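In our numbering, the protein residues as written are 1 to 242. Note that CB positions come from ideal geometry on N, CA and C, so glycine has one too. Note that the structure is a prediction, hence the values are computed from the model and not measured.
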Ligand code: GTP
Ligand code: MG
């Protein structure tokens with residue numbers, strides 16, 4: 001199998017351990033290298049739970065999650081982490097230097113690779129402005145940087161690992177619209193061959209996706225491009241108008 005980062009969910013259902021009600025029901029979609037698939041839906045719809053199944057934070061109860069044609073349950077964790085990087089909804093920085101935080105998934109990365117990732121993530125300027133640059137200290141939990149800076153450093157950390165698949169869970173929510181747009185343009189140019197799955201709240205973040213999945217109560221209720229969904233999906237229209 002060529003390791004290109006092809007993602008497929010096939011009739012996937014999932015319930016949290018100990019809970020009865022399914023959180024995801026019959027989820028099917030594919031995300032191809034070079035594509036951006038966006039997931040939108042109200043709070044509690046199951047967006048984070050859906051992303052969690054690819055890096056196997058949880059396993060599906062039924063159906064299959066496939067990475068490059070192989071069920072993720074049959075892959076070694078290392079094979080998954082080499083190919084998939086997730087930026088979690090509450091991005092976490094640990095106490096230590098910025099450099100330390102950025103190298104977390106790839107200790108051997110060069111300084112040039114770190115700066116390159118910071119540039120794409122629109123974080124190079126504020127790191128450069130710090131007195132100690134890459135050596136600047138981050139407090140436990142990243143409490144001495146802003147929410148938007150924390151998001152951008154965590155995006156840079158994901159970029160450093162050069163994955164085939166990026167999972168962004170609401171990773172652009174703390175950015176202003178202009179920075180969000182700049183970041184995603186740079187990301188697209190940098191990762192033209194990568195598969196990008198992005199959970200977004202703001203329509204501007206997801207409107208240019210190749211495919212948008214509208215999630216409601218654990219089900220994909222509608223799918224299509226922004227233009228198609230504006231025509232066909234009342235759920236999407238409600239989200240756009242809210
Ligand atoms: P927002 O991030 O708020 O937009 O929601 P989401 O769409 O990401 O929903 P998420 O996947 O986090 O949650 C879907 C459902 O699963 C909700 O009913 C949650 O209460 C429930 N849920 C989420 N995490 C857990 C968990 O760790 N354990 C259990 N038992 N339920 C969970
Ligand atoms: Mg979530």
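Per DSSP, residue i is paired with what?
| i | result |
| --- | --- |
| residue 118 | For residue 118, which the question treats as bridged, DSSP gives no partner whatsoever. |
| residue 137 | 97 |
| residue 215 | 220 |
| residue 245 | Here the chain comprises residues numbered 1 to 242, so residue 245 is not present and cannot be evaluated. |
| residue 167 | 86, 197 |
| residue 55 | Bridge partners of residue 55: none, in fact. |
| residue 102 | Paired residue(s): none; residue 102 is not in a bridge. |
| residue 67 | 7, 70 |
From which residue to which residue does the beta strand (DSSP E) around residue i run?
| i | result |
| --- | --- |
| residue 13 | 7-14 |
| residue 224 | 219-224 |
| residue 38 | 36-40 |
| residue 25 | 24-31 |
Do the CB positions of residue i and residue j come within less than 8 Å of each other?
| i | j | result |
| --- | --- | --- |
| residue 61 | residue 14 | yes |
| residue 223 | residue 211 | yes |
| residue 87 | residue 158 | yes |
| residue 186 | residue 164 | no |
| residue 123 | residue 153 | yes |
| residue 205 | residue 221 | no |
| residue 160 | residue 89 | no |
| residue 57 | residue 65 | no |
| residue 38 | residue 156 | no |
| residue 200 | residue 170 | yes |
| residue 96 | residue 138 | yes |
| residue 219 | residue 42 | no |
| residue 31 | residue 198 | no |
| residue 46 | residue 70 | no |
| residue 149 | residue 126 | yes |
| residue 93 | residue 142 | yes |
Between residue i and the ligand FAD, is there a pair consisting of the residue's CB and a ligand heavy atom that are separated by less than 7 Å?
| i | result |
| --- | --- |
| residue 89 | You won't find the ligand FAD in this model; what it holds is the ligand GTP and the ligand MG. |
Go ahead and label residue i buried or exposed: buried means 16 or more other beta carbons lie within 10 angstroms of its beta carbon, across all protein chains shown.
| i | result |
| --- | --- |
| residue 131 | exposed |
| residue 107 | exposed |
| residue 101 | buried |
| residue 68 | buried |
| residue 50 | buried |
| residue 166 | buried |
| residue 214 | buried |
| residue 3 | exposed |
| residue 74 | exposed |
| residue 177 | exposed |
| residue 192 | exposed |
| residue 151 | buried |
| residue 121 | buried |
| residue 117 | buried |
| residue 52 | buried |
| residue 83 | buried |
For residue i, report the span of its alpha helix (DSSP H) as first-last.
| i | result |
| --- | --- |
| residue 153 | 147-160 |
| residue 203 | 203-206 |
| residue 187 | 177-190 |
| residue 127 | 124-129 |
| residue 247 | Outside the shown range of the chain (1 to 242) lies residue 247, about which nothing can therefore be said. |
Quick one: does residue i have its CB under 8 Å from some CB of chain C?
| i | result |
| --- | --- |
| residue 127 | Any reference to chain C falls outside this structure, which holds one protein chain only. |
Going along the chain, which residues put their C-beta within less than 6 Å of some heavy atom in the ligand GTP? 16, 19, 23, 41, 43, 44, 45, 46, 47, 48, 49, 89
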